[in-house]
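Visitor: Quick note, the sequences are listed as chains A and B, same order.
Residues in the first sequence are numbered consecutively from 1, following this note's numbering.
Residues in the second sequence are numbered consecutively from 273, following this note's numbering.
Cβ coordinates follow ideal geometry from the N, Cα and C atoms, glycine included.
Just so it is clear, the structure is predicted and the values come from calculations on it, not from any experiment.
I have a structure here, written as structure tokens, and I will follow up with some questions on it.
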Amino acid sequence: MSSDSMMQMLSELSGNDAVFGHFGALGGYALAARRAMHELGTGPETWKKIAVGQRKWANLNPQAMMHDKPLTETDYDQAKWVVEPFRLFDNCLITDGGRAVIVTSLERARDLKQQPAVIMGLGQHHPSTAIAQSDWMAGPTGARQAGKTAFAMAGITPDDVDACQIYDCFTYTVEITLQDYGFFQPGEGRDWLEGGTIEPGGRMPVNTSGGQLSEAYCMGLTPIAEGAMQIMDRCGERQLGPATGTKPPEIILCSDNGGILQSHSSVLLRRM
Amino acid sequence: MSSALKDKYAIVGVGYTPQGRVPGRTSLSFHLEASAKAIKDAGLSRNDVDGFIAYRHFPAASDENDLPADVIAQHLGLSPTYIYQDAN
Chain A
1 MSSDSMMQML SELSGNDAVF GHFGALGGYA LAARRAMHEL GTGPETWKKI
51 AVGQRKWANL NPQAMMHDKP LTETDYDQAK WVVEPFRLFD NCLITDGGRA
101 VIVTSLERAR DLKQQPAVIM GLGQHHPSTA IAQSDWMAGP TGARQAGKTA
151 FAMAGITPDD VDACQIYDCF TYTVEITLQD YGFFQPGEGR DWLEGGTIEP
201 GGRMPVNTSG GQLSEAYCMG LTPIAEGAMQ IMDRCGERQL GPATGTKPPE
251 IILCSDNGGI LQSHSSVLLR RM
Chain B
273 MSSALKDKYA IVGVGYTPQG RVPGRTSLSF HLEASAKAIK DAGLSRNDVD
323 GFIAYRHFPA ASDENDLPAD VIAQHLGLSP TYIYQDAN
């Protein structure tokens, strides 16, 4: 993908509401986040913990676009608005690059070179309604049902998950996705994130490459590639387990999300 | 039905390319490099590949031709049994 095509997506005029200033992916997610501020009491105090926490992972990842750039909560607070309520560091990166994964049967996988990342659960759910016309603007998003389906297939609960790789086009997307998966109750994200929950050394590492916010925006391949690489124990300095003071990654939950929270996919990966 | 796909498949290779601001490259070149590296990472060859799934059909750069999955597969030298691509 190219940064040029990303800019087109971010700024394209979607309908008549463009005359009121509502257009592009950024405007749509900002609308959803603003509604969540009203209904759930979330906001920048919650989201900065996601931006700063993920950046700490990126600082351990030499491939990350933000590898050499530490980010503090003060940096976050002082950044300019892009579309309110999103400041600069609530937004994902714009990236030239590509990424691919190989999937095969478990039988075949046993004989191959890498330690396989076994797919133990899958789920999809697509609310599909444009966000401005939705009756779920502050959630639940498709993550609620997609997550339930994936967990039911795998026969596990969120308590069994060791780390998450969440599609993070915006910080708020991470909050609403984790909330819909059941990691915390609506509106309790800020408390859940307190104390470095998602950071190196935390009890539920999230987006351990830096994610789309701080590694690279390779769309859904950012989370799923990192999930597989962590299960394969190929992540060097950022490897989950003793190296980063986190749980060894037996099970990792990955998400993908499309449109303005209109489509959602979940996959649970496990070690063989 | 809900468990029909459980523990049947696995990810066995990952391919990365240079990423960030990478001037002077086509979108197609990123598709090809990532795919070729993923195949190699798994210890496979392109002749082993019998399916090709392209992630969302986003526009290529504004000065490039459209990149549907079959065009990428063709440039990779694949003859897959099935090809699939998300609409968006």
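What residue range does the alpha helix (DSSP H) around residue 77 of chain A cover?
Guide: Position 77 of the first sequence holds residue 77 of chain A. 73 to 78 is the extent of the alpha helix (DSSP H) around residue 77 of chain A.
Visitor: Please report the straight-line C-alpha distance between residue 67 of chain A and residue 216 of chain A, rounded to a whole angstrom.
Guide: Along the first sequence, one-based indexing puts residue 67 of chain A at 67. Along the first sequence, one-based indexing puts residue 216 of chain A at 216. Going by the C-alpha atoms only, they are around 11 angstroms apart.
Visitor: If you count every other CB in all the chains shown that lies within 10 Å of the CB of residue 81 of chain A, and 16 or more means buried, which is it?
Guide: Your numbering for residue 81 of chain A matches position 81 in the first sequence. Label assigned to residue 81 of chain A: exposed.
Visitor: Which residues bound the alpha helix (DSSP H) around residue 40 of chain A?
Guide: Sequence index remark: in the first sequence, residue 40 of chain A carries index 40 (1-based). Per DSSP, residue 40 of chain A belongs to the alpha helix (DSSP H) from 24 to 40.
Visitor: So, helix, strand or coil for residue 136 of chain A, using DSSP?
Guide: Taking the first sequence and counting its residues from 1, the one referred to as residue 136 of chain A is at position 136. It is coil, neither helix nor strand.
Visitor: Which two residues bound the contiguous beta strand (DSSP E) that contains residue 267 of chain A?
Guide: Numbered from 1 along the first sequence, position 267 holds the residue referred to as residue 267 of chain A. Run containing residue 267 of chain A: 263 to 271, per the beta strand (DSSP E) assignment.
Visitor: Under the three-state reduction of DSSP, which class applies to residue 16 of chain A: helix, strand or coil?
Guide: Walking along the first sequence from the start, residue 16 of chain A turns up at place 16. Three-state DSSP puts residue 16 of chain A in a helix.
Visitor: Mind checking which residues open and close the alpha helix (DSSP H) that includes residue 181 of chain A?
Guide: On the first sequence, position 181 is the one that residue 181 of chain A refers to. Element bounds for residue 181 of chain A: 171 to 181.
Visitor: Note down, in chain order, every chain B residue with its Cβ under 9 angstroms from the Cβ of residue 95 of chain A.
Guide: As a working note, residue 95 of chain A is residue 95 in the first sequence. Neighbours of residue 95 of chain A on chain B, chain order: 291, 292, 293 and 294.
Visitor: Please report the residue range of the alpha helix (DSSP H) in which residue 189 of chain A lies.
Guide: One-based indexing of the first sequence puts residue 189 of chain A at position 189. Taken as a continuous stretch (DSSP letters only), the alpha helix (DSSP H) holding residue 189 of chain A covers 189 to 193.
Visitor: Since residue 343 of chain B meets chain A, which of its residues come closer than 9 angstroms, beta carbon to beta carbon?
Guide: Here residue 343 of chain B is taken as the residue at index 71 of the second sequence, counted from 1. Under the 9 angstroms cutoff, chain A gives no residues; its nearest Cβ is about 14 angstroms from residue 343 of chain B.
Visitor: By a C-beta neighbour count over all protein chains shown, 10 Å radius and 16 as the cutoff for buried, is residue 246 of chain A buried or exposed?
Guide: Taking the first residue of the first sequence as 1, we reach residue 246 of chain A at position 246. Burial call: buried.
Visitor: At what residues does the alpha helix (DSSP H) containing residue 358 of chain B begin and finish?
Guide: Walking along the second sequence from the start, residue 358 of chain B turns up at place 86. Element bounds for residue 358 of chain B: n/a, residue is neither H nor E.
Visitor: With 8 angstroms as the threshold, decide whether the Cβ of residue 281 of chain B is near any Cβ in chain A.
Guide: Here the question's residue 281 of chain B lines up with position 9 in the second sequence. Residue 281 of chain B counts as touching chain A.
Visitor: Give every residue of the same chain whose Cβ lies closer than 7 angstroms to the Cβ of residue 154 of chain A, excluding the five residues on either side of it in the sequence, and list them in chain order.
Guide: Taking the first residue of the first sequence as 1, we reach residue 154 of chain A at position 154. Within the same chain, residue 154 of chain A has close Cβ partners 120, 121 and 268.
Visitor: Residues of chain B with a CB under 9 angstroms from the CB of residue 4 of chain A: which are they?
Guide: The sequence position of residue 4 of chain A within the first sequence is 4, counting from 1. The answer, in chain order, is 299, 331, 332, 333, 334, 335 and 336.
Visitor: So, does the CB of residue 50 of chain A fall closer than 8 angstroms to a CB anywhere in chain B?
Guide: Taking the first sequence and counting its residues from 1, the one referred to as residue 50 of chain A is at position 50. It does not; no Cβ of chain B falls within 8 angstroms.
Visitor: I'd like the span of the beta strand (DSSP E) that includes residue 165 of chain A, first residue to last.
Guide: As a working note, residue 165 of chain A is residue 165 in the first sequence. First-last of the beta strand (DSSP E) with residue 165 of chain A: 163 to 165.
Visitor: Quick one: what does DSSP say residue 231 of chain A is sitting in, helix, strand or coil?
Guide: Along the first sequence, read from residue 1 onward, the residue named residue 231 of chain A stands at position 231. Helix.
Visitor: For residue 281 of chain B, which residues does DSSP report across the bridge?
Guide: For the purposes of this step, residue 281 of chain B is identified with residue 9 of the second sequence, where counting begins at 1. Bridge partners of residue 281 of chain B: A/105 and A/119.
Visitor: Do you know offhand how far residue 227 of chain A's Cα is from residue 249 of chain A's?
Guide: As a working note, residue 227 of chain A is residue 227 in the first sequence. As a working note, residue 249 of chain A is residue 249 in the first sequence. Cα to Cα, the separation comes out at about 9 angstroms.
Visitor: The region 187 to 206 of chain A: which residues have C-beta closer than 8 angstroms to a C-beta of chain B, in chain order?
Guide: Answer set for the region 187 to 206 of chain A: empty.
Visitor: Along chain B, in chain order, which residues have C-beta atoms closer than 7 angstroms to that of residue 113 of chain A?
Guide: Reading the first sequence from its first residue, position 113 is the one you call residue 113 of chain A. Chain B residues near residue 113 of chain A: 314 and 315.
Visitor: For residue 324 of chain B, which residues does DSSP report across the bridge?
Guide: As a working mapping, residue 324 of chain B is identified with position 52 in the second sequence. DSSP, once it has assigned bridges, lists B/355 as partnering residue 324 of chain B.
Visitor: Quick one: is residue 272 of chain A buried, meaning 16 or more other Cβ sit within 10 Å of its Cβ, or exposed?
Guide: Position 272 of the first sequence, counted from the first residue, corresponds to residue 272 of chain A. Classification for residue 272 of chain A: exposed.
Visitor: Going straight from the alpha carbon of residue 273 of chain B to that of residue 179 of chain A, what length do you get?
Guide: Position 1 of the second sequence, counting from 1, holds the residue named residue 273 of chain B. Position 179 of the first sequence, counting from 1, holds the residue named residue 179 of chain A. Bear in mind that a pLDDT of 48 at residue 273 of chain B, under 50, signals an unreliable position, so the number given afterwards is only what the model happens to contain. Computed Cα separation, rounded: 26 angstroms.
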